[in-house]
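To keep things clear, I will list the structure first and then write my remarks on it.
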Amino acid sequence: MHDTTDGPRTAVELQGVVKRFGDRSGTEVTAVDNLDLTIADGEFFSLLGPSGCGKTTTLRMIAGLELPTAGSIRIHGEEMGLRPPNKRPVNTVFQNYALFPHMTVAKNIGFGLEMRKVPAGERAEQIDWAIQLVEMGSMAHRKPGQLSGGQQQRVALARALVNRPEVLLLDEPLGALDLKLRQQMQHELKNLQREVGITFVYVTHDQEEAVTMSDRIGVMHDGRLLQVDTPEAIYERPTTRFVADFIGQSNFLAATVASADEVVLANGQRLRLSSDRPTGEAVAVTVRPERLTVHRRGEAPAGLHHL
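Under the working numbering, the sequence shown has 1312 at position 37, and the numbering climbs by one with no breaks.
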């Protein structure tokens, strides 16, 4: 059953999702800790965080490659439960494109359709649509070994999109590319997502990738989702010190909350800053480098904080 409430339809919903792994000693490690997340239909959503934060495990649970220890996962309102990966309305693109070296571009793209016994005529139409979508029409008869890294990545994308999944999951797909090509593919991926209108869930540790492509970002750390918002809001209004430090560059000033609109720095200087923290609580004031300017003493414009 699909979500029919007002506003954007929900594509992916995770409620209270927990994933624990056991090691040989019998000790359990919590990889994802009580995660709640809602992703809108047609959204480009990125899970961003350092290695080991739980972002790839979360993606694998959406794909059905891992089962949650607790919690529920819904796609367009339908509970995934124990549904196997091949019965979920998703496809996944990994960093390792896993193209068949003995098959042509067209054969690689159409492999899944062939396994599902899609009629030949319909299969040819869908393959042609996907090849044109990623602008690989002139290379349809080449094999992966004759393609560059960026071209192989396009083939992997076309293969994942050819059967029009409801959600496309991408696990650091640009990680194997050099810097220049990676930056080029960021823009191509975003344009592709806009064209097909499919929900993209993208996993990365790269801030630039997430900020460049995403409608919203979820920042993860130690299995927890710390903040979900637009790239601009996360940069301008981080809710934790970790988020402020992980996204961009920051200077941190130790301070104490004096009132709802004032903090006191360690040197006794008062700054007018709004805060929802209790009076007397120790906080860190984040100052982005580009917000700092140098003036001679007594010559700074009015209205600025003087440090």
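For glycine and all other residues, C-beta sits at the position ideal for the given N, C-alpha and C.
Check	Outcome
Quick check: ASN1383 and ARG1429, are their CB atoms within less than 8 Å of each other?	no
Let me know the secondary structure DSSP gives LYS1294 once reduced to three states.	strand
For ARG1443, which option in PHE1475, ILE1492 and GLU1574 has the closest C-alpha, if you only look at C-alpha atoms?	The question names Arg, but residue 1443 in the sequence shown is Leu. Cα-wise, what sits closest to LEU1443 is PHE1475.
Cutting at 6 Å between CB atoms, please list the residues of its own chain near ALA1485, excluding the five before and the five after it.	SER1321, LEU1323, THR1479 and ILE1492
In angstroms with no decimal places, state the Cα-to-Cα distance between PRO1513 and LEU1500.	13 Å
Put SER1347 into one of helix, strand or coil per three-state DSSP.	strand
Tell me the DSSP bridge mates of ASP1504?	ILE1492
Does DSSP classify ARG1571 as helix, strand or coil?	coil
Determine whether the beta carbon atoms of LEU1456 and GLY1425 lie at a separation below 8 Å.	yes
For PRO1283 and GLN1502, I'd like the C-alpha separation in whole angstroms.	20 Å
Around the Cβ of HIS1277, are there at least 16 other Cβ atoms within 10 angstroms (buried) or fewer (exposed)?	Low confidence applies here, because HIS1277 scores a pLDDT of 44, under 50, leaving its location unreliable and the question unanswered by this model.
Mapping DSSP to helix, strand and coil, what is GLU1318?	coil
Give the DSSP bridge partners of ASP1520, in chain order.	DSSP, once it has assigned bridges, lists no residue as partnering ASP1520.
So for THR1331, helix, strand or coil by DSSP?	helix
With a threshold of 8 Å on Cβ separation, who are the neighbours of THR1279 within its own chain once the five nearest residues in sequence on each side are excluded?	Residue placement at THR1279 cannot be trusted, given a pLDDT of 45 that sits under 50; what the coordinates show is reported in the next sentence. Cβ within range, chain order: n/a, list empty.
Got a sec? Which residues, its chain only, sit under 7 Å from PRO1576 by beta carbon, not counting five neighbours each side?	none
How big is the Cα-Cα spacing for VAL1307 and THR1313?	16 Å
Is the beta carbon of LEU1374 less than 8 Å from the beta carbon of GLN1427?	yes
Run through DSSP, which three-state label would LEU1464 get?	helix
Can you give me the Cβ contacts of ASP1504 inside the same chain, cut-off strictly under 8 Å, excluding the 5 residues immediately before and after it?	ARG1491, ILE1492 and ARG1512
State the Cα-Cα distance for the pair ASN1371 and ALA1451, rounded to the nearest angstrom.	8 Å
By DSSP, does MET1276 sit in helix, in strand, or in coil?	With a pLDDT of 40 at MET1276, under the threshold of 50, the modelled position of that residue is not reliable, and the figure given next carries that caveat. It is coil, neither helix nor strand.
Between the alpha carbons of PRO1440 and SER1489, how many angstroms are there, rounded?	19 Å
Measuring straight from C-alpha to C-alpha, what distance separates LYS1294 and THR1367?	20 Å
Curious, which full-length beta strand (DSSP E) runs of at least 3 residues does the region 1353-1428 contain?	1365-1369
Just how far apart, CA to CA, sit SER1347 and THR1568?	49 Å
Between the Cα of LEU1467 and those of MET1414, ILE1337 and LEU1436, spot the shortest distance and give me the residue it belongs to.	LEU1436
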